[in-house]
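Engineer:
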Amino acid sequence: MNKHVADDKNSNLFYEYPELVSSINKSINPCNDFYEFVCSGWKHNNPIEADKTSSNQFQLISNLIEKREKEILDNRQTFHSYPPYDKMMFNLYDSCLDIANSTGTPQRVYDIESVLLFEKHVPKHLFTCNFKTFLKFVNYINPNNVFLMSEKLYLEENMAPKYLEALKEYLTKLLELLYTDDSEQLIFKKLNKKEDISRRVNSFIQVELQMAKIINETDKHYDNAYADDEYLIIQKFQNNLAGSINWVRYLQNILPQQVLLQKYPDGVANVEARISEVTLIKKFDRLAQNLSGQVLSDYMDWKLILSEVTYLDDRFLDVGFELDRVLQGSVERPAHWKECKNVLINVFPALIERVTKIESAYRFTVIPGQPFAEAMDSLNILMNQKSMLQLLDPVEVEFSSLGINGFYYPIKNVIVLTGGILQGVFFNSTTRPMYEY
145 MNKHVADDKN
155 SNLFYEYPEL
165 VSSINKSINP
175 CNDFYEFVCS
185 GWKHNNPIEA
195 DKTSSNQFQL
205 ISNLIEKREK
215 EILDNRQTFH
225 SYPPYDKMMF
235 NLYDSCLDIA
245 NSTGTPQRVY
255 DIESVLLFEK
265 HVPKHLFTCN
275 FKTFLKFVNY
285 INPNNVFLMS
295 EKLYLEENMA
305 PKYLEALKEY
315 LTKLLELLYT
325 DDSEQLIFKK
335 LNKKEDISRR
345 VNSFIQVELQ
355 MAKIINETDK
365 HYDNAYADDE
375 YLIIQKFQNN
385 LAGSINWVRY
395 LQNILPQQVL
405 LQKYPDGVAN
415 VEARISEVTL
425 IKKFDRLAQN
435 LSGQVLSDYM
445 DWKLILSEVT
455 YLDDRFLDVG
465 FELDRVLQGS
475 VERPAHWKEC
485 KNVLINVFPA
495 LIERVTKIES
505 AYRFTVIPGQ
515 PFAEAMDSLN
525 ILMNQKSMLQ
535 LLDPVEVEFS
545 SLGINGFYYP
555 IKNVIVLTGG
565 ILQGVFFNST
575 TRPMYEY
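Per this note's numbering, the sequence shown runs over residues 145 to 581.
#1: With three or more C-beta pairs closer than 8 Å as the rule, is the region 418 to 426 touching the region 283 to 298?
#2: For residue 237, which residues in the same chain have their Cβ closer than 7 Å to its Cβ, ignoring the five residues on either side in sequence?
#3: Going along the chain, which residues of its own chain have a beta-carbon closer than 6 Å to the beta-carbon of residue 377, five neighbours each way excluded?
#4: Find out if the Cβ-Cβ distance for the pair residue 409, residue 533 is shorter than 9 Å.
#5: For residue 330 and residue 309, what's the separation of their Cα atoms in angstroms?
#6: So what does DSSP say about residue 331, is it helix, strand or coil?
#7: Helix, strand or coil for residue 162 per DSSP?
#8: Tell me whether the beta-carbon of residue 433 lies closer than 9 Å to the beta-carbon of residue 388.
#9: Quick check on the DSSP output: the beta strand (DSSP E) that includes residue 536 runs from which residue to which?
#10: When DSSP labels each residue in this structure, what does residue 416 get in the three-state scheme?
#11: Consult DSSP for residue 385 and reduce its assignment to one of helix, strand or coil.
#12: If residue 317 and residue 463 are in contact, beta carbons under 8 Å, what's the gap, nearest whole angstrom?
#13: Taking buried to mean at least 16 other C-beta atoms within 10 Å of its own C-beta, is residue 162 buried or exposed?
#14: From the DSSP output, read off the bridge partner residues of residue 377.
#15: Am I right that residue 431 and residue 358 are in contact with their C-beta atoms under 8 Å? What's the rounded C-beta distance?
#16: Please report the straight-line C-alpha distance between residue 164 and residue 478, rounded to a whole angstrom.
#17: Given a threshold of 16 other Cβ atoms within 10 Å of its Cβ, counted over all protein chains shown, does residue 344 qualify as buried or as exposed?
#18: Output the distance between the C-alpha atoms of residue 243 and residue 443, rounded to the nearest integer angstrom.
#19: Quick one: what does DSSP say residue 517 is sitting in, helix, strand or coil?
#20: Just checking my contact of residue 582 with residue 465 at CB under 8 Å: how many whole Å lie between their CB atoms?
#21: CB residue 307 to CB residue 292, shorter than 9 Å?
#22: To the nearest angstrom, report how far apart residue 188 and residue 171 are at their CA atoms.
#23: Can you list, in chain order, the residues of its chain whose CB lies under 7 Å from that of residue 391, leaving out five sequence neighbours each side?
#24: Please determine, among 385, 411 and 173, the residue with the shortest C-alpha to C-alpha distance to residue 397.
#25: So residue 311 packs on residue 467, CB below 8 Å; how close in whole Å?
#26: Three-state secondary structure (DSSP) at residue 367?
#27: Assuming residue 321 contacts residue 460 under a Cβ cut-off of 8 Å, what Cβ separation, rounded to an integer in Å, is found between them?
#28: Since residue 214 and residue 446 should fall inside the 8 Å C-beta cutoff, what is the C-beta to C-beta distance between them, to a whole number of angstroms?
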């Protein structure tokens, strides 16, 4: 707020806050409703947008930044970035905007085969480089979470019926669209459509419920996040903990050839990995082995489908928003340009760091007119390549200079950046001095 200092008649200093004065509603008795007395003017001057569920000073600043982002996207001639990322970014933005008008056009009809091809890239959800180990990069394997991200939403009596019904409706509507778009019936056969949809939905929810129960009953070790972690070679991990997956073949298929040749010339069977939440992985592996073949197959189909549907046309996004309405209380889907802008923010900060690492992967670039789903698959491959190539740098630690941890402190109405939570970029000698702490 703008602060003005004045002297009263007794020469005592006091502060005038015009914004606070305009916020106060003098027609309300503060003894009856102090909140409305103080805040009704502010609420009137700062209405909550329809696609938001709340608003505060942090959100107002975010809105100003978002406005500037829109100006850049609309007037890209004045934008300068790292080539080829500027062109890639704008091409991706355009292809994302294009899906709003792509419904029903043959060139944009959902290619169900792309979901199956995407299977080879799904392991990124299970496998990452461990950046917590500063002296060396190691393979880091951790279990997946449930789709709704919290096991409580599946189990708590006061919540589960509502959320499970919303999830079931979401999955059913997705399948209805997929059956419609799979005109050649490559995957979804229309002969037993109703029965197939019911079976597939029930299979997914059955597995999710069992996973939720396992997560809920497993010690989270809140007092020590690494209490249930182990360092094991891959072959021992497969033999003793998670035999339902051929981990040697798995890693050979997702690691870049450059990493396999330089880092693991003798194969990956004896490669060390950090296994996170060993007990949970054991239980999930036992669950997978006890599921029927049909249920497991249906569930794996869903894991692939759900990773792709957010890249499809507005019909799929509208169905997803209906689920989001139940989960988060949203009342209106954000403008499509905002959704596309969020895609860029999520994708490109991870790309512009260390560009020399991925020059060999430039063939996975976004080209004008490329379907959005295809473009996102290409970028996912590119980011996976970048992440895994860091296994070749045993003592280098990277931090993005594009994000700073902070939080909104409502009591003081300020945004707080404290030394204790500053990102590693502030202590990184490879970063430009302007970013140094």
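C-beta atoms are modelled at their ideal positions from N, C-alpha and C, and glycine is treated no differently.
Structural biologist: Quick answer:
#1: yes
#2: 217, 484 and 488
#3: 414 and 416
#4: no
#5: 29 Å
#6: coil
#7: helix
#8: yes
#9: Run containing residue 536: none; DSSP gives neither H nor E here.
#10: strand
#11: coil
#12: 5 Å
#13: exposed
#14: 416
#15: 7 Å
#16: 30 Å
#17: buried
#18: 27 Å
#19: helix
#20: This structure cannot speak to residue 582, because the chain is shown only from 145 to 581.
#21: yes
#22: 15 Å
#23: 378, 381 and 382
#24: 411
#25: 7 Å
#26: coil
#27: 6 Å
#28: With a Cβ gap of about 35 Å, residue 214 and residue 446 do not count as contacting.
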